[in-house]
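Residue numbering for the sequence shown follows the numbering used here, starting at 17 and increasing by one per position. In what follows, a single structure is set out as structure tokens and then discussed.
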Amino acid sequence: MDRAVERDHHLDTHVRLRALIVDDEPLARRGLEIRLEAHPDVEIVGEYGDGASAIEALREHRPDLVFLDVQMPGMDGFQTLRSIPAAEMPLVVFVTAYDHYAIRAFEASATDYLLKPVEEARLAQALARVRAARSQRQASDHRAHLLGLLGELSGRPLLDLDEALKPDALEQLRREDKLAVRDGGRTVRVDLGHIRWIDAAGDYMCIHVDGENEQGETLVLRATMRDLEKQLDPQRFPRIHRSTIVNARRVVEMRPHTNGEGFLRLDCGQELKLSRTHRDKLALLI
Numbered sequence: 017m018d019r020a021v022e023r024d025h026h027l028d029t030h031v032r033l034r035a036l037i038v039d040d041e042p043l044a045r046r047g048l049e050i051r052l053e054a055h056p057d058v059e060i061v062g063e064y065g066d067g068a069s070a071i072e073a074l075r076e077h078r079p080d081l082v083f084l085d086v087q088m089p090g091m092d093g094f095q096t097l098r099s100i101p102a103a104e105m106p107l108v109v110f111v112t113a114y115d116h117y118a119i120r121a122f123e124a125s126a127t128d129y130l131l132k133p134v135e136e137a138r139l140a141q142a143l144a145r146v147r148a149a150r151s152q153r154q155a156s157d158h159r160a161h162l163l164g165l166l167g168e169l170s171g172r173p174l175l176d177l178d179e180a181l182k183p184d185a186l187e188q189l190r191r192e193d194k195l196a197v198r199d200g201g202r203t204v205r206v207d208l209g210h211i212r213w214i215d216a217a218g219d220y221m222c223i224h225v226d227g228e229n230e231q232g233e234t235l236v237l238r239a240t241m242r243d244l245e246k247q248l249d250p251q252r253f254p255r256i257h258r259s260t261i262v263n264a265r266r267v268v269e270m271r272p273h274t275n276g277e278g279f280l281r282l283d284c285g286q287e288l289k290l291s292r293t294h295r296d297k298l299a300l301l302i
């Protein structure tokens, strides 16, 4: 037995992956179902043969994972993915008979891809990546990876900001009171005063800004905490946690915690943790 498959038998079965299989070929669905029997932590909650049915099933079952065929008549795998709201987006493993689709699958932020016919060892590798991705996503409580996908594929104004990480754009963070962001063929200029806080999600930064409603908006930038920390004025945007920068002018209350940490409340109602290692920033915040 492959070592990766063997490890699956020792997993805590209480931590289950609820999965959908979406493929227009019944034999392909059955083959994947059989191979998944070797992974007791994976529970198949539905099998569907077209994208439209899959979208309805996603709303009903809210799965953790979808095995999604790329080539389907009518609505293909990428079109199906485009139709899923960000808040409902599961982890995705594309399934394809053609290797050149693998490149596009990763461009679409898929967790992994499988080539048909699916091999047991390769499936075990893909599931290992899925489990790691779920753990990371639960820890960060962000879906920046998939927000970047939606900005790229759906054309929705979530501001896929990959183009913004350029020296001239980042330099303006110190020179001006505006953040210049490339959004397709135009440049969006965001007032620094409208930034509430910034936090990290893997290789992305989530910039939370004022919006038309109280919840505001989240801009997703491919960058690191260090990239932004170097460019922002540390007096105005101090780092309060290893993964959080705050706009000091938006802090309205600080509440101490017994373990030496603290909680900051912003004028928008958001609470952020002030870690012990960054308590020296208190003078900038109160």
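From the three backbone atoms N, C-alpha and C, an ideal C-beta is built for every residue, glycine too. Source: prediction; values computed, not measured.
Tell me where the alpha helix (DSSP H) around Arg-78 begins and ends.
-> Premise fails: Arg-78 is in no alpha helix (DSSP H) and is neither H nor E.
7 angstroms Cβ shell around Arg-150 - same chain, five flanking residues per side excluded | Asp-80, Leu-107
Three-state class that DSSP yields for Leu-146 in the structure shown = It is worth fixing the name first, because residue 146 is Val in this sequence and not Leu. Val-146: helix per DSSP, three-state reduction.
State buried or exposed for Val-31, treating a residue as buried only when at least 16 other CB atoms are found within 10 Å of its CB.
-> exposed
How should Glu-76 be labelled, buried or exposed, when 16 other C-beta atoms within 10 angstroms of its C-beta is the threshold for buried?
-> exposed
Return the Cβ separation of Arg-51 and Leu-131 in integer angstroms, given the expectation that the two are a contact with Cβ distance under 8 angstroms.
-> Actually they do not touch by this definition, with Cβ atoms about 13 angstroms apart.
Do you know offhand how far Gly-227's Cα is from Arg-212's?
-> 11 angstroms
Give the straight-line distance between the Cα atoms of Pro-272 and Ile-256, rounded to the nearest whole angstrom.
-> 14 angstroms
Quick check: the segment 133-148 against the segment 59-66, are there 3 or more CB pairs under 8 angstroms?
-> no
Residue nearest to Gln-231 in terms of C-alpha spacing, selected from Val-111, His-210, Pro-101, Asp-243 = His-210
Pairwise C-alpha distance: Val-134 and Arg-242 = 40 angstroms
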